[in-house]
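S.K.: Those sequence lines, one after another, are chains G and U. Throughout the first sequence, residue numbering follows our numbering, covering 432 to 499 in sequence. Throughout the second sequence, residue numbering follows our numbering, covering 2 to 380 in sequence.
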Amino acid sequence: MKSYFINLASYTEANRAARYLRSIKINAEVEKGASGGGCSYGIRVYENPERVCRLLSAVNIRCGKIKN
Amino acid sequence: MVYFDNAATTFPKPHSVISAMTGALMEYGANPGRAGHRMSMKTAEAVFEAREKCADFFGAETENTVFTLNCTHALNMAIKGILKNGDHIVCSDIEHNAVLRPIYACSKEKGITYSFAQTYDDDNLTAEAFERNINRRTRAVVCTLAGNVTGKILPVKKIAEICRRRNICFIVDAAQGAGVLPIKLADGINIICAAGHKGLYGPMGTGLMITDGKYRLSTLVEGGTGSASKELSQPEFLPDRFESGTINTAGAISLGAGVDFVRSKGLDVIYNHEMRLCRRFYVELSKNPDVVLYTDYLNERYAPVIPFNIRGLGSEETAQKLSSAGYCLRGGFQCAYPVHKKIGTHETGAVRFSPSVFSTMSETNGLIRAISRITADVL
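(1) Quick check on S357 of chain U - is its C-beta less than 7 Å from some C-beta in chain G?
(2) Taking the C-alpha atoms as reference points, what is the distance between I437 of chain G and R52 of chain U?
(3) Shortest alpha-carbon distance to A128 of chain U belongs to which of U:G148, U:A118 and U:R137?
(4) Within 7 Å (strictly less), CB to CB, does G495 of chain G reach chain U?
(5) Are any of the Cβ atoms in chain U nearer than 7 Å to that of C484 of chain G?
(6) Please report whether the beta-carbon of F49 of chain U lies at a distance below 7 Å from any beta-carbon of chain G.
(7) Would A1 of chain U count as contacting chain G if we go by Cβ distances under 7 Å?
(8) Closer than 7 Å by C-beta to A402 of chain U: which residues in its own chain qualify, once you throw out the five before and the five after it? Chain order, please.
(9) Can you check DSSP and say which residues form a bridge with D6 of chain U?
(10) Closest by CA to K342 of chain U, which one among U:M40, U:Y216, U:A25 and U:I95?
(11) Pull out every residue of the segment 14 to 45 of chain U whose Cβ sits closer than 9 Å to any Cβ of chain G, in chain order.
(12) Considering only residues of the same chain and omitting the five flanking positions on each side of I104 of chain U, which have a CB-CB separation below 7 Å?
(13) From this set, U:A196, U:P204, U:G200 and U:L201, which residue's C-alpha is nearest M210 of chain U's C-alpha?
(14) If you draw a straight line from the C-alpha of E62 of chain U to the C-alpha of V3 of chain U, how long is it?
(15) For E301 of chain U, I'd like the list of residues in its chain whose CB is within less than 7 Å of its CB, leaving aside the five on either flank, ordered along the chain.
(16) Assuming G152 of chain U contacts Y303 of chain U under a Cβ cut-off of 8 Å, what Cβ separation, rounded to an integer in Å, is found between them?
(17) If I follow the unbroken alpha helix (DSSP H) through I271 of chain U, where does it start and stop?
(18) Just to confirm before moving on: does the CB-CB distance between A445 of chain G and G473 of chain G stay below 7 Å?
(19) Under 7 Å between beta-carbons, which chain U residues line up against A440 of chain G? List them in chain order, please.
(20) When you compare the CB positions of I83 of chain U and Y216 of chain U, do they come within less than 7 Å of one another, or not?
(21) Once DSSP output is grouped into helix, strand and coil, what is the label at F59 of chain U?
(22) If you measure from the beta carbon of E223 of chain U to each beta carbon in chain G, is any gap under 7 Å?
(23) Got a sec: which bits of the segment 446 to 467 of chain G sit with their beta carbon under 7 Å from any beta carbon on chain U, in order along the chain?
(24) Please list, in chain order, the chain G residues whose beta carbon lies closer than 7 Å to that of T212 of chain U.
(25) So which residues of chain G does T365 of chain U contact, with C-beta pairs closer than 7 Å?
(26) With DSSP run on the structure shown, which of helix, strand or coil describes L294 of chain U?
(27) Tell me, please, whether the CB atom of E64 of chain U is closer than 7 Å to any CB atom in chain G?
(28) If you run the structure through DSSP and keep just helix, strand and coil, what is Y435 of chain G?
(29) Measure from the C-beta of G473 of chain G to each C-beta in chain U and report whether the shortest distance is under 7 Å.
(30) Helix, strand or coil for T23 of chain U? Go by DSSP, reduced to three states.
(31) When the cut-off is 7 Å and only beta carbons count, does D241 of chain U lie next to chain G?
(32) If we count the other Cβ atoms within 10 Å of its Cβ and call it buried at 16 or more, is E348 of chain U buried or exposed?
(33) Report yes or no: do three or more beta-carbon pairs, one from the segment 307 to 326 of chain U and one from the segment 158 to 172 of chain U, lie closer than 8 Å?
(34) Which residues mark the beginning and the end of the alpha helix (DSSP H) in which P1 of chain U is found?
(35) Give me the Cβ distance between F113 of chain U and L146 of chain U, rounded to the nearest whole Å; I'm assuming they're in contact under 8 Å.
(36) With respect to the alpha helix (DSSP H) encompassing D378 of chain U, which residues constitute its N-terminal and C-terminal limits?
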């Protein structure tokens with residue numbers, strides 16, 4: 432199954448995102464990653480990442496870079 | 002020993018808090034929010050859950066809930082973070098040094114000015130006093146939710162409304178009130194600072210700064226946050242902006258258990274229980290002509306804290322005699338000298354009675370008898 436890593440600002444933001452997505456039945460796992468700014472955290476998802484980011488923006492969570 | 006110094010820190014702690022602390026030390030041994038390995042992630046998840054509980058308790062967003070060392074640390078972050086050169090701040094005349102000293106330091110370092118709003122029995126007069134002291138340079142208003150010496154509850158909702166109308170940042174020191182009195186950001190407060198180890202029944206070394214995110218605060222401490230590590234500048238996003246360095250992980254997780262404990266008991270139950278003990282203490286002591294009481298405790302709204310003295314004895318002497326009789330109470334000035342000036346105990350200080358949810362009527366009666374024996378001996 433294809434997965435995507437979505438960078439988020441912090442561990443706290445990643446956890447908020449993962450919990451929100453799970454609450455609407457979307458599987459998401461918190462992972463450590465790296466962004467242009469250095470260490471960061473994000474979520475791994477198995478759905479269309481643009482759609483996931485749209486859902487997250489509705490709860491004021493801003494996505495960073497998306498990686499395969 | 003029977004413990005009645007809960008305004009300084011609550012004791013004992015609930016079993017759930019002790020288990021959370023033990024569990025945290027045994028299970029969550031890795032640094033949270035730093036690495037990506039399983040132990041670090043598990044620890045970080047536990048910290049997140051604790052943060053979520055604390056946020057929910059104060060009606061805040063999870064990310065705007067910052068773990069601090071104590072309430073003093075949170076107040077320093079808020080006061081020094083909001084004030085810029087030349088600003089003005091208003092506080093009440095019953096503040097703790099945790100508010101007064103950061104303000105004074107800012108007056109020396111940043112040239113800020115400050116005013117004291119007098120507090121009255123009438124909440125409307127108190128609110129008016131705050132408004133009178135606001136000027137065009139006023140950047141923030143800070144006040145206690147409940148005084149740590151007298152227990153006097155300030156009308157924070159009325160003060161919040163004034164601040165909202167005048168676009169001034171309103172900071173509340175909830176050290177004595179959190180866990181006993183209802184307080185939420187929705188009351189119109191921009192920043193709540195709370196101790197974790199008092200009414201929230203967490204361990205010492207824990208506190209919270211909770212913000213609505215409206216005001217950008219400068220930082221007191223900068224450093225590693227586990228995020229944006231290539232950047233030399235401190236992250237703008239919370240909580241990372243204010244949590245540099247490894248946090249007190251076990252403390253934060255056990256504070257979450259403390260908040261659970263308070264919620265499960267209910268604020269009303271806790272407040273009513275402690276007030277029942279305070280009323281008993283107040284009524285019995287008011288019958289003793291050798292005891293001096295300073296508050297009109299039965300006719301006004303107070304938090305469960307009562308200052309008193311025994312005639313002919315200094316407050317520390319009384320506290321020492323009570324300690325010898327098996328009772329833990331604090332004498333002196335409780336880090337709030339202006340309040341002692343206000344109530345006329347600036348020479349002697351006062352002994353402070355402060356029960357917790359674990360205190361009992363039988364212990365309170367025992368203390369009342371011990372005070373009677375001391376007054377009989379003094380005479």
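All residues carry an ideal CB built from backbone N, CA and C; glycine is no exception.
M.R.: With the structure as the only source:
(1) Not closer than 7 Å to any Cβ of chain G, the Cβ of S357 of chain U fails to qualify, so no.
(2) Cα to Cα, I437 of chain G sits roughly 23 Å from R52 of chain U.
(3) Nearest option by C-alpha distance: U:A118.
(4) Judged by the 7 Å Cβ criterion, G495 of chain G is not in contact with chain U.
(5) So, not an interface residue.
(6) Yes, because at least one Cβ of chain G sits closer than 7 Å to the Cβ of F49 of chain U.
(7) Any property of residue 1 of chain U remains undetermined from this structure, which presents chain U solely from 2 to 380.
(8) Lying outside 2 to 380, the shown extent of chain U, residue 402 of chain U is not represented and no answer is given.
(9) D6 of chain U pairs with U:S355.
(10) Distance check between K342 of chain U and each of U:M40, U:Y216, U:A25 and U:I95 places U:I95 closest, using alpha-carbon atoms only.
(11) Result list: P33, G34, R35, A36, G37, H38, S41, M42 and A45.
(12) Here the set comprises I80, I90, C92 and Y115.
(13) Nearest neighbour of M210 of chain U by Cα position, chosen from U:A196, U:P204, U:G200 and U:L201, turns out to be U:A196.
(14) Here the alpha carbon of E62 of chain U sits roughly 39 Å from the alpha carbon of V3 of chain U.
(15) Cβ neighbours of E301 of chain U beyond the five flanking positions: D122.
(16) Rounded, the Cβ-Cβ distance is 4 Å, consistent with contact.
(17) Taken as a continuous stretch (DSSP letters only), the alpha helix (DSSP H) holding I271 of chain U covers L268 to S287.
(18) Contact flag set, yes.
(19) Near A440 of chain G (Cβ distances below 7 Å), the residues of chain U are S228 and F238.
(20) Going by beta carbons, I83 of chain U and Y216 of chain U fall inside the 7 Å limit.
(21) In this structure, F59 of chain U counts as coil in the three-state DSSP scheme.
(22) Not one chain G Cβ lies under 7 Å of E223 of chain U.
(23) Within the segment 446 to 467 of chain G, contact with chain U at the beta-carbon level (separation under 7 Å) is assigned to N446, R447, V461, E462 and K463.
(24) Result: empty, since nearest Cβ-Cβ is about 14 Å, beyond 7 Å.
(25) Going along chain G, no residue has its Cβ under 7 Å from T365 of chain U, so there is no contact; the nearest lies around 43 Å.
(26) Strand at L294 of chain U.
(27) Under the Cβ distance rule, E64 of chain U counts among the residues neighbouring chain G, one pair being separated by less than 7 Å.
(28) Three-state DSSP puts Y435 of chain G in a strand.
(29) By this cut-off, G473 of chain G is not an interface position.
(30) Looking at T23 of chain U - three-state DSSP - the assignment turns out to be helix.
(31) By this cut-off, D241 of chain U is an interface position.
(32) Burial call: exposed.
(33) No: fewer than three Cβ pairs fall under 8 Å.
(34) The structure shown does not extend to residue 1 of chain U, since chain U spans only 2 to 380, so no value can be given for it.
(35) Sequence inspection shows Ile at residue 113 of chain U; the Phe mentioned does not correspond to that position. At roughly 23 Å, the Cβ-Cβ gap does not stay under 8 Å, so I113 of chain U and L146 of chain U are not in contact.
(36) Counting along the chain, the alpha helix (DSSP H) containing D378 of chain U begins and ends at M362 to V379.
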